[in-house]
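In what follows, a single structure is set out as structure tokens and then discussed.
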Amino acid sequence: MPHSSPLLLGLELSGTGIHPASWRRADSRAEELFSAEYWLDAITAAEDAGIDFAFLPDSFALQPVGALGRLDAVAVAARSAAATRRIGLIPQAPVTHTEPFHLAKAIASLDFATHGRAGWEVTVSPGAEQAKLFGRKRTQYEPELWHEADEAIEVVTRLWDSWEDDAEIRDAATGRFIDRDKLHYIDFAGTHFSVKGPSITPRSPQGQPLVAVRADGPHSTRLAVHRADIVRIAAPTLAAAAALRYEVRAAVTAAGRDADRVRVLLDIETHLADNADTAALEVAALEDWSPSAAPKTLRHIGTPGELRDLFDQAVAECAADGIVLRPLALPAALAHLPLLTPTLRGRLGLPRPANRYAPA
6 MPHSSPLLLG LELSGTGIHP ASWRRADSRA EELFSAEYWL DAITAAEDAG
56 IDFAFLPDSF ALQPVGALGR LDAVAVAARS AAATRRIGLI PQAPVTHTEP
106 FHLAKAIASL DFATHGRAGW EVTVSPGAEQ AKLFGRKRTQ YEPELWHEAD
156 EAIEVVTRLW DSWEDDAEIR DAATGRFIDR DKLHYIDFAG THFSVKGPSI
206 TPRSPQGQPL VAVRADGPHS TRLAVHRADI VRIAAPTLAA AAALRYEVRA
256 AVTAAGRDAD RVRVLLDIET HLADNADTAA LEVAALEDWS PSAAPKTLRH
306 IGTPGELRDL FDQAVAECAA DGIVLRPLAL PAALAHLPLL TPTLRGRLGL
356 PRPANRYAPA
């Protein structure tokens, strides 16, 4: 199906970059990773460049290699709310060891703080090591993890609806702040959760903040098809991405949902420089420090102009409704973002008009 809207652009802010050696670059600012300034600078640079979404990865596990340690993604997004005006803030928040009531409150609060720019990327916590961190669950495996995630999303979205939009009446004369008839018990009982509700947070500006899921396996894909507003995919070629987007949309329709209300975003690993040779040399230096596995998804190493050509191809081949850039080294991407995002005419699909006075 052809695109009915301009290509959306997202940026994944994964520490100093997704390459495990990115922190060793002179421009990495690795010493600032646990400061507010580092994240504010990155997110505001993305917004100034016209990026639509900032994705903030998170996990209860330490990174296996590279720069170790994490800040809480929801907290980073909340800190960035007042410093931004347009960009969507989509933190990851794992459900496996987190109560959905807390998640519902946190993401709704972020939606209030951003005036309706919040999302939630759902993820799970596999493996024995993360289970041991909490000590209250046995190790869970993929089918159970994602079934629990499905229940968690159901609880969270019900809680978001448990206050009607006009539940707050603030009637000073009678002393009634809320109309209790417009607060609703959700009465959810499932395999993993039993939640009565209602939420203690009013319905947020979006009503339902966006839910994002990475479709990177059969169980997460099934969840994405049934629950997500944004589905993130990875594919080795644009042709493979186009086929996968078609499959996702068909599955969304088969699940009884409107496929035109779901956006499929394609992950692209990237490293940008002023010319292709410099980009290749810089990636080679990263690999010399810490060899990494061959990518299983599209990777662009080159110039911003070449990457924009790839965006145009993605639109032409219906490969995705949007792109999520996953920089190997974040500072290199931030420096070149202004050259990536199209003008307003470009976003509307309109050509740059010729100058009427210039020679043909």
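Throughout the sequence shown, residue numbering follows this note's numbering, covering 6 to 365 in sequence. Even glycine gets a Cβ: it sits at the ideal position worked out from N, Cα and C. Here the structure is a predicted model, which is why all the values come from computation and not from measurement.
Starting from the C-beta of V368, find all residues in its chain whose C-beta is less than 8 Å away, skip the five residues before and the five after it, and write them out in chain order. With the chain represented from 6 up to 365, any question about residue 368 goes unanswered, as that position is not in the structure.
Should W44 and A35 be called a contact, given that it needs their Cβ atoms to be closer than 7 Å? As a working mapping, residue 44 is identified with position 39 in the sequence shown. As a working mapping, residue 35 is identified with position 30 in the sequence shown. No. Outside cutoff.
Identify whether A337 lies in helix, strand or coil by the three-state DSSP scheme. As a position in the sequence shown, residue 337 is number 332, starting the count at 1. Correct three-state label for A337: helix.
Notebook entry, point to check: Of all the alpha helix (DSSP H) runs that stay within the bounds of the segment 65-152, which reach a length of 4 or more residues?
Noted result: 78-86, 105-118, 133-139
Exercise for the section: Spell out the partners DSSP gives G307 in its beta bridges. Expected result: As a first step, residue 307 must be located in the sequence shown, where it is residue number 302. BP columns for G307 point to L277.
- request: Hey, could you find the ends of the beta strand (DSSP E) P385 is sitting in?
  value: Nothing about residue 385 can be read from this structure; the chain reaches only from 6 to 365.
message = Which same chain residues end up closer than 8 Å to L16 when comparing Cβ atoms and leaving out the 5 residues on each side of it in sequence?
response = Numbered from 1 along the sequence shown, position 11 holds the residue referred to as residue 16. These residues qualify, in order along the chain: A51, I56, F58, A59, F60, V329, L330, P332, A338, L342.
Determine the direct distance from the alpha carbon of L291 to that of A31, and round the result to whole angstroms. Translated into the one-based positions of the sequence shown, residue 31 becomes position 26. Translated into the one-based positions of the sequence shown, residue 291 becomes position 286. Looking at the two C-alpha atoms, the distance is approximately 12 Å.
task: Please report the Cβ distance between P309 and L345, rounded to the nearest whole angstrom; I am assuming they are in contact, meaning their Cβ atoms lie under 8 Å.
output: Reading the sequence shown from its first residue, position 304 is the one you call residue 309. Reading the sequence shown from its first residue, position 340 is the one you call residue 345. That pair is a contact at about 5 Å.
Residue of P210, D171, L188, E159 minimising C-alpha distance to G195: As a position in the sequence shown, residue 195 is number 190, starting the count at 1. Cα-wise, what sits closest to G195 is E159.
Query raised in the report: Quick one: Cα of Q135 to Cα of R313, how far?
Result: Locating residue 135 in the sequence shown gives position 130, counting from the first residue. Locating residue 313 in the sequence shown gives position 308, counting from the first residue. C-alpha separation (whole angstroms): 39 Å.
request  = State the DSSP-derived secondary structure class of E322, mapped to helix, strand or coil.
outcome  = Stepping through the sequence shown from its first residue, residue 322 is reached at position 317. In the structure shown, E322 sits in coil (DSSP, three-state: anything other than H, G, I, E or B).
Tell me which residues share the same chain as S295 and place their Cβ nearer than 6 Å to its Cβ, disregarding the 5 neighbours each side in the sequence. Taking the sequence shown and counting its residues from 1, the one referred to as residue 295 is at position 290. Only P25, A26 meet the Cβ criterion.
Range covered by the beta strand (DSSP E) that runs through L330:
Stepping through the sequence shown from its first residue, residue 330 is reached at position 325. Looking at the DSSP string, the run of the beta strand (DSSP E) that includes L330 is 327-332.
Can you tell me the Cβ-Cβ gap for R122 and W168, rounded? I've got them flagged as a contact below 8 Å.
Along the sequence shown, one-based indexing puts residue 122 at 117. Along the sequence shown, one-based indexing puts residue 168 at 163. At roughly 20 Å, the Cβ-Cβ gap does not stay under 8 Å, so R122 and W168 are not in contact.
Would you call the segment 299-307 and the segment 239-246 touching, i.e. three or more CB-CB distances under 8 Å? yes
Quiz prompt | I48 in three-state terms, based on DSSP | solution = Locating residue 48 in the sequence shown gives position 43, where the first residue counts as 1. Of the three classes helix, strand and coil, the one that applies to I48 here is helix, per DSSP.
Quiz item: Can you give the beta carbon distance from K187 to A177, rounded, assuming they're within the 8 Å contact cut?
Solution: For the purposes of this step, residue 187 is taken as the residue at position 182 of the sequence shown. For the purposes of this step, residue 177 is taken as the residue at position 172 of the sequence shown. With a Cβ gap of about 18 Å, K187 and A177 do not count as contacting.
Straight-line CA distance for L12 to D192?
Your numbering for residue 12 matches position 7 in the sequence shown. Your numbering for residue 192 matches position 187 in the sequence shown. Computed Cα separation, rounded: 40 Å.
Original post:
Does DSSP put D166 in a helix, a strand or coil?
Top reply: By 1-based counting over the sequence shown, the position of residue 166 is 161. In the structure shown, D166 sits in coil (DSSP, three-state: anything other than H, G, I, E or B).
On the criterion of 16 or more Cβ atoms from any shown chain inside 10 Å, does T179 qualify as buried, or is it exposed?
As a first step, residue 179 must be located in the sequence shown, where it is residue number 174. Burial call: exposed.
Checklist entry - In three-state terms, what does DSSP make of S199? => result Position 194 of the sequence shown, counted from the first residue, corresponds to residue 199. Residue state, collapsed to three classes: strand.
Review point. Expressed to the nearest angstrom, what Euclidean distance is found between the alpha-carbon atoms of E156 and L108?
Key: For this step, residue 156 is matched to residue 151 along the sequence shown. For this step, residue 108 is matched to residue 103 along the sequence shown. Cα-Cα distance, rounded: 13 Å.
Am I right that A88 and L115 are in contact with their C-beta atoms under 8 Å? What's the rounded C-beta distance?
Taking the first residue of the sequence shown as 1, we reach residue 88 at position 83. Taking the first residue of the sequence shown as 1, we reach residue 115 at position 110. No, A88 and L115 are not in contact; Cβ-Cβ is about 14 Å, not under 8 Å.
Residues near I205 in its chain [Cβ-Cβ closer than 8 Å; skip 5 each side]: Sequence index remark: in the sequence shown, residue 205 carries index 200 (1-based). If we look at I205 and ignore the five residues flanking it on each side, its Cβ neighbours are K110.
Review point. Taking the alpha-carbon positions, what's the T275 to S297 distance?
Key: For this step, residue 275 is matched to residue 270 along the sequence shown. For this step, residue 297 is matched to residue 292 along the sequence shown. Near 14 Å, if we compare the C-alpha coordinates of S297 and T275.
Below 8 Å on the Cβ atoms is my guess for V100 versus A154; work out the distance and round it to an integer in Å. By one-based count along the sequence shown, residue 100 stands at place 95. By one-based count along the sequence shown, residue 154 stands at place 149. Their Cβ separation, rounded to whole angstroms, is 5 Å, which keeps V100 and A154 in contact under 8 Å.
- Unbroken beta strand (DSSP E) run spanning L215, endpoints: Here residue 215 is taken as the residue at index 210 of the sequence shown, counted from 1. Residues 215-219.
* With respect to the beta strand (DSSP E) encompassing E17, which residues constitute its N-terminal and C-terminal limits? -> Reading the sequence shown from its first residue, position 12 is the one you call residue 17. Residues 13-17.
- Message: Please report the straight-line C-alpha distance between A133 and V70, rounded to a whole angstrom.
- Response: Position 128 of the sequence shown holds residue 133. Position 65 of the sequence shown holds residue 70. Roughly 19 Å separates the two Cα atoms.
Q: Could you tell me which residues DSSP puts in a beta bridge with E173?
A: Numbered from 1 along the sequence shown, position 168 holds the residue referred to as residue 173. Answer is I183, bridged to E173.
**Request:** In the DSSP assignment, find the beta strand (DSSP E) that holds A59 and state where it starts and stops.
**Result:** The residue you call residue 59 lines up with position 54 of the sequence shown. Start and end: 58-61.
Check your understanding: Nearest to V216 by CA position, among L94, I23, E104, T21, is which residue?
Key -> Counted from its first residue, the sequence shown places residue 216 at position 211. For the residues L94, I23, E104, T21, the minimum Cα distance to V216 belongs to L94.
**Item:** Under the three-state DSSP convention, the category F316 falls into
**Value:** Position 311 of the sequence shown, counted from the start, is the residue given in the question as residue 316. Here F316 sits in helix by DSSP.
Next item on the list: Return the residue from the list V267, A340, D184 that minimises the CA-CA distance to L277.
Entry: On the sequence shown, position 272 is the one that residue 277 refers to. Of V267, A340, D184, the residue nearest in Cα terms is A340.
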